[in-house]
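Enquirer: Below is the structure I would like to discuss, written out as structure tokens.
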Amino acid sequence: MNKDPHRKREAKRYANPVASREHILSTMAEIGEPVSFKRLSKELGERHQHEALKNRLGAMVRDGQLVADRRNVYAIASRMELVTGKVIAHVDGFGFLSSENRDEDIFLSNRQMRCVFHGDVAQVRVRGRDRRGRSEGEIVEVVERNTHQVVARLYYEGKLNLLESLNSKITHEILVHKLNRKKSKAGQIVIAQIMEQPSLHGIPTAKIIETLGDHLTPDMEVEVALRNHDIPFVFDDEVLEQVDQMPIEVAAKDKKKRNDLRTLPFITIDGEDARDFDDAVYCEKKARGGWRLLVAIADVARYVDIGSPLDKAAFERSTSVYFPQYVVPMLPEKLSNGLCSLKPGVDRLVLVCEMEISAKGRISSFLFYEGVIHSHGRLTYTEVASILRGDDKTRHKYRNLCGHIDELNNLYLMLLGMRNSRGALEFDSKELGFEFDGAGRVTGIEPRVRGDAHRLIEECMLCANVCAAKFISKHEKPGLYRVHEPPKEEKVEGVSQYLAHLGIAFPSEDGVSPKVYRGVLDEIRKRKSGHVLQMVLLRSLNQAVYQVENKGHFGLNYAEYAHFTSPIRRFPDLMTHRLIKSIIHSKSESSWVKRFGRTNKGNWYPYSTDDVLMCGERSSSTERRAETAVYDVLEWMKCDFISDQVGNVCSGVITGVTKFGLFVELDEVYVEGLIHVSTLTGDYFHYDQESQCLAGGQTKTSYALGDIVSVQIIRVDVDERKVDFELVSHSPVTAPRAGAKKKRARKGAKTHQKSKSRKARKRRADG
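The numbering used here applies: residue 1212 is where the sequence shown begins, and numbers increase by one.
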């Protein structure tokens, strides 16, 4: 206090004066870092004025001069880091701020999350670290509000009309004003317009604009997912007017100045329920060995003019979204299922990648050019598989095409060998097929098997995509690469430790390569719990994104890779087409394009690096959005499917282990649910993160990833997409762990008791 230049002023104001605000700020500035209350009181010489100093510091925090975390560590507000990013909400009410400029997300407490919705853009002041060592933030300003409508369930609380959002990441109560209860009833599912956004001191308000019904149905669940994830699903009038002016079939004038390939027997190979055919293939064996492969892709860029309403709508969506029985297309159906779809028996405009492939499976040369084709056959994966098996009936049906399909298969086998020697990764992921009744309810769930027919067409597409990436890298225009970066060191270390516990070596000392991952993947496949362990390995990898800077593709082990083959359903592919066509229609020399007739004038690619960068970020974001929306619907459908099976006993496998319980996937219906730790009897169980198991403290019982279990279905909450199980029997797949140490046992017991105590308090609080 003696060093405080304002001590006389403070003495006149207060009977027990403390350090002035100016002196506190100058002292903290000299220290130069966030400081604890204990240290600050010592530096200020205020050891005996703790209460008064706390009051002053609290006032400075309220006035915005200081910020403080939960541990009473103080910092000067003006010197604190301000970060702008997207709010990511958690179902338990807290959240995080995700910023591209930081590797680490910033934790936002439940109180901070009261003033934002999931998906809002906010500016946050970093306050320090919380008890768990996470960066913790305080919201300074909400920069952008991104939730304007919600799908919610109406309920009453006394005289209050309230909404509970069906988006689990929106945990706010939402108040409805001016509701006529005679026309509405509790439990109805409604669409509501947000009138007042949430704030720290007030709940959001809304008005109901549409009532969907009393109970969720499969069709309604799709609409809920679309609205929850802000996915546009209706084209505006301006777009539809533009499409209406387009012809139904390809105009004769549009077929000119293109390579006429209509006599070549191009075919499409897709699933039975496919409607948009954007790729066709043709393959022939060369006299001197090797193959000539032509991959023809729908020339979407011919119809989607840059800057047009259609172009803007496609960019906004950036991807088609595929739900069971329903598709939200990136382009209107007149294009996606009509003019751009490579249907058999009709002429279609295409952009072709023609490749010369050696007898060893290497692409020796390639060309891009505009063409016109006439598909000779629309084949399904099932039919191609039947042809390759030698089925006489199917081969007779497609007798004019079998020779070309056989040659495609010969090429595929060579490319597959190259893929394996390259060390490209292929996980045995499960794609589920759903069977429905007339009312749209799920009646059966079965996995769809990927066979050689799927892989054959996939390898052809990979070849064309690699050529497109090489094309982008050669020509001096900013393009979009499909980038899959190597896994982060800490992720590799975590999975390596876990696999070592199972006796699986992960040789990562000299750096991690796709070949190392491939070797581990091959070893994992030999295990009984192989498909579960594959998911552990998969979670250690980064997600693929679209970027201007080429960083290679780790999973496929390509030095460069881009998306070219699906412009009907992916905007980045359309951008790649535009870049290639800009070179075709220019006068610049390029050995990788072929021109037919005079080029068409026009600016085919008016994009700056910043434009392409923004497009990549947008496309990466909308891809994740689509995946999440589809996941929500599939989980709802699976829960709805087993909702009448409560009490049944089913077999399954442990797919996840946490401190609060075991996640189990049922064998025949592929539904995942939770065995809560409180229902496991006979011991107190401790979560061992390294070995991914719940281990008993007194016994040698442990429950680990991949273990086979039998469970009883106890509860199904369809709206929440949650299923609860109770354990009936357990069969360890791996050798049981040695008994846990007593110290761990005590810790496990204590954790278990605390958990039960918290649950009891919560039940009392809930009334």
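Built from N, CA and C at the ideal position, the CB exists for glycine as well.
1. Is K1554 helix, strand or coil by DSSP?
2. If we call anything under 8 Å between Cβ atoms a contact, is S1913 one with Y1709?
3. Are there three or more Cβ pairs, one per stretch, closer than 8 Å when the region 1462-1470 is compared with the region 1528-1535?
4. Between I1779 and D1489, which are expected to be in contact by the criterion C-beta below 8 Å, what is the C-beta distance as a whole number of angstroms?
5. So, under 8 Å CB-CB, T1530 and F1782 are touching, yes? Tell me the CB distance rounded to an integer number of Å.
6. By a C-beta neighbour count over all protein chains shown, 10 Å radius and 16 as the cutoff for buried, is T1474 buried or exposed?
7. Rank I1242, A1507, D1441 and A1270 by C-alpha distance to the C-alpha of S1231 and give the top, closest one.
8. Would you be able to state if there are at least three C-beta pairs under 8 Å between the region 1743-1762 and the region 1500-1508?
9. So, at 7 Å on beta carbons, what are the nonlocal neighbours of D1899 in its own chain, with the 5 sequence-adjacent residues on each side left out?
10. Only counting runs of 4 or more residues, tell me where the alpha helix (DSSP H) segments fall wholly within the region 1502-1566, in order along the chain.
11. In chain order, what residues of the same chain have a beta carbon less than 7 Å from the beta carbon of C1671, not counting five sequence neighbours either side?
12. Can you list, in chain order, the residues of its chain whose CB lies under 8 Å from that of G1644, leaving out five sequence neighbours each side?
13. So does the region 1884-1899 actually touch the region 1860-1874, counting three or more Cβ pairs closer than 8 Å?
14. Given L1590, which residues of its chain have a CB within under 6 Å of its CB, disregarding the five upstream and five downstream residues?
15. Measuring only the C-alpha atoms, how far is Q1404 from V1361?
16. Helix or strand or just coil, what does DSSP make of N1312?
17. Taking the straight line between their C-alpha atoms, what separation do you get for L1553 and A1773?
18. Let's test the definition: count the other Cβ atoms within 10 Å of the Cβ of A1951 and tell me whether it reaches 16, buried, or not, exposed.
19. Nearest-angstrom Cα distance between H1897 and G1908?
20. Is the Cβ-Cβ distance between P1443 and E1384 less than 8 Å?
21. With a Cβ-Cβ cutoff of 8 Å, do D1341 and E1347 count as a contact?
22. Tell me which residues share the same chain as V1284 and place their Cβ nearer than 6 Å to its Cβ, disregarding the 5 neighbours each side in the sequence.
23. Identify every residue that forms a DSSP beta bridge with F1579.
24. When you compare each of I1598, I1924, G1582 and L1427 to A1650 by their alpha carbons, which one comes out closest?
25. Taking the alpha-carbon positions, what's the R1218 to I1317 distance?
26. Determine the direct distance from the alpha carbon of L1437 to that of T2001, and round the result to whole angstroms.
27. Return the residue from the list N1548, V1298, C1674 and I1794 that minimises the CA-CA distance to V1557.
28. Can you tell me where the alpha helix (DSSP H) holding N1676 begins and where it ends?
29. Pop quiz: A1417 and L1365 are said to be a contact at Cβ under 8 Å. What is the actual Cβ separation, rounded to whole angstroms?
30. Roughly how many angstroms lie between the CA atoms of C1850 and K1699, to the nearest whole one?
31. Based on Cα-Cα distance, which residue from I1400, K1393 and M1406 lies nearest to V1387?
32. Which of helix, strand or coil does DSSP assign to M1239?
33. Please state whether DSSP places N1470 in a helix, a strand or coil.
34. When DSSP labels each residue in this structure, what does P1658 get in the three-state scheme?
35. Unbroken alpha helix (DSSP H) runs of length 4 or more, entirely within the region 1332-1388: which are they?
36. With F1840 as the anchor, note down where its alpha helix (DSSP H) starts and where it stops.
Expert: According to the data block:
1. Indexing the sequence shown from 1 puts residue 1554 at position 343. Coil.
2. The residue given as residue 1913 occupies position 702 in the sequence shown. The residue given as residue 1709 occupies position 498 in the sequence shown. No, these two residues do not count as a Cβ contact at 8 Å.
3. The region 1462-1470 is not in contact with the region 1528-1535.
4. Residue numbering aside, residue 1779 sits at position 568 when the sequence shown is read from its first letter. Residue numbering aside, residue 1489 sits at position 278 when the sequence shown is read from its first letter. At roughly 4 Å, the Cβ-Cβ gap stays under 8 Å, so I1779 and D1489 are in contact.
5. Locating residue 1530 in the sequence shown gives position 319, counting from the first residue. Locating residue 1782 in the sequence shown gives position 571, counting from the first residue. With 8 Å as the limit, T1530 and F1782 qualify as a contact, their Cβ atoms being about 7 Å apart.
6. The residue labelled residue 1474 in the question sits at position 263 within the sequence shown. By the neighbour-count criterion, in which a residue is buried when 16 or more other Cβ atoms sit within 10 angstroms of its Cβ, T1474 is exposed.
7. Here residue 1231 corresponds to residue number 20 of the sequence shown, with the count starting at 1. Nearest C-alpha to S1231: A1270.
8. Output reads no: the region 1743-1762 does not touch the region 1500-1508.
9. Numbered from its first residue, the sequence shown carries residue 1899 at position 688. So the qualifying residues of the chain are A1906.
10. DSSP runs (the alpha helix (DSSP H)) wholly in the region 1502-1566: 1520-1528.
11. What you label residue 1671 is simply residue 460 of the sequence shown in a count that begins at 1. Only V1492, L1504 and V1506 meet the Cβ criterion.
12. Reading the sequence shown from its first residue, position 433 is the one you call residue 1644. Here the set comprises I1656, E1657, P1658 and R1659.
13. Contact between the region 1884-1899 and the region 1860-1874 is present, because at least three Cβ pairs lie under 8 Å.
14. Position 379 of the sequence shown, counted from the first residue, corresponds to residue 1590. Closer than 6 Å at the Cβ level, and outside the excluded window around L1590, lie I1478 and I1480.
15. Taking the first residue of the sequence shown as position 1, residue 1404 is located at position 193. Taking the first residue of the sequence shown as position 1, residue 1361 is located at position 150. Roughly 7 Å between the two C-alpha positions.
16. Against the sequence shown, residue 1312 aligns to sequence position 101. The three-state secondary structure of N1312, taken from DSSP, is coil.
17. Locating residue 1553 in the sequence shown gives position 342, counting from the first residue. Locating residue 1773 in the sequence shown gives position 562, counting from the first residue. C-alpha separation (whole angstroms): 22 Å.
18. By 1-based counting over the sequence shown, the position of residue 1951 is 740. Any reading at A1951 must be qualified, since the residue scores a pLDDT of 38, below 50, and its modelled position is unreliable; the value itself is stated next. A1951 is buried by the Cβ-count criterion.
19. As a working note, residue 1897 is residue 686 in the sequence shown. As a working note, residue 1908 is residue 697 in the sequence shown. Pairing H1897 with G1908, the inter-Cα distance amounts to about 7 Å.
20. Position 232 of the sequence shown, counted from the first residue, corresponds to residue 1443. Position 173 of the sequence shown, counted from the first residue, corresponds to residue 1384. No, they are not a contact pair.
21. Numbered from its first residue, the sequence shown carries residue 1341 at position 130. Numbered from its first residue, the sequence shown carries residue 1347 at position 136. In this structure, D1341 sits near E1347, with a CB-CB distance shorter than 8 Å.
22. Taking the first residue of the sequence shown as 1, we reach residue 1284 at position 73. Correct list, in chain order: P1245, S1247 and G1339.
23. Position 368 of the sequence shown, counting from 1, holds the residue named residue 1579. Under DSSP, F1579 shares a beta bridge with C1564 and V1804.
24. In the sequence shown, residue 1650 corresponds to position 439, counting from 1. Closest option to A1650, Cα to Cα, is L1427.
25. For this step, residue 1218 is matched to residue 7 along the sequence shown. For this step, residue 1317 is matched to residue 106 along the sequence shown. For the pair R1218 and I1317, the Cα-to-Cα distance works out to about 39 Å.
26. Nothing in the structure corresponds to residue 2001, since the chain is present only between 1212 and 1978.
27. Translated into the one-based positions of the sequence shown, residue 1557 becomes position 346. Ranking the options by Cα distance to V1557, first place goes to N1548.
28. Within the sequence shown, numbered from 1, the residue matching residue 1676 stands at position 465. N1676 -> alpha helix (DSSP H) spans D1663 to K1685.
29. Working through the sequence shown from its first residue, we reach residue 1417 at position 206. Working through the sequence shown from its first residue, we reach residue 1365 at position 154. Between L1365 and A1417 the Cβ distance is about 11 Å, and since that is not below 8 Å, they are no contact.
30. The count along the sequence shown starts at 1 and reaches residue 1850 at position 639. The count along the sequence shown starts at 1 and reaches residue 1699 at position 488. If you take the alpha carbons of C1850 and K1699, they lie about 35 Å apart.
31. Here residue 1387 refers to the residue found at position 176 of the sequence shown. Per the C-alpha coordinates, the member of I1400, K1393 and M1406 positioned closest to V1387 is M1406.
32. As a position in the sequence shown, residue 1239 is number 28, starting the count at 1. The answer is helix: DSSP assigns M1239 an H, G or I state.
33. The residue labelled residue 1470 in the question sits at position 259 within the sequence shown. DSSP, reduced to helix, strand and coil, places N1470 within a strand of the structure shown.
34. Residue 1658 sits at position 447 when you count from the first residue of the sequence shown. Looking at P1658 - three-state DSSP - the assignment turns out to be strand.
35. For the region 1332-1388, not one full-length alpha helix (DSSP H) segment reaches 4 residues or more.
36. Stepping through the sequence shown from its first residue, residue 1840 is reached at position 629. Looking at the sequence shown, residue 1840 is not Phe but Ala. Counted as a single uninterrupted DSSP element, the alpha helix (DSSP H) harbouring A1840 occupies residues T1820 to I1853.
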